[in-house]
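> Sharing a structure, written as C-alpha cells. Questions coming.
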Amino acid sequence: PVLWHRRFFSAMSEVSGDVGARHLIGDNEELLLEIPMDDNAILADLDTPEALAAHKAARER
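In C-alpha cells, the structure reads:
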C-alpha cells in the first residue's frame, strides 16, 4: 500500500483505469520511503467489491 501526501491528490484525481498512480511513484522516487513488511497480506489487491468478496471467501475455507 502507498500512503500519499496531499500534494499528490490533484494528480491522483486525474488517474484512470487499473494502472493507478504508479507513474507518480516513478516520477518522485526521491520522496519514496520503503518500509519492510513481514506479512504478504499487504499485497492483496482489494479495490473492488468482487475482489473483497473473493478474498473473504478464500479466508473462510
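My numbering numbers the first residue of the sequence shown as 1424 and each following residue consecutively.
Positions of the beta carbon are idealized from the N, C-alpha and C atoms, including for glycine.
Is residue 1436 close to chain C? Criterion is C-beta to C-beta, closer than 7 Å.
Although the question refers to chain C, the structure presented lacks it and comprises just one protein chain.
> Quick one: what does DSSP say residue 1460 is sitting in, helix, strand or coil?
On the sequence shown, residue 1460 is found 37 positions in, with the first residue counted as 1. Three-state DSSP puts residue 1460 in coil, outside helix and strand.
> Three or more C-beta pairs closer than 8 Å, one from the segment 1448-1456 and one from the segment 1465-1476: is that the case here?
These segments do not touch.
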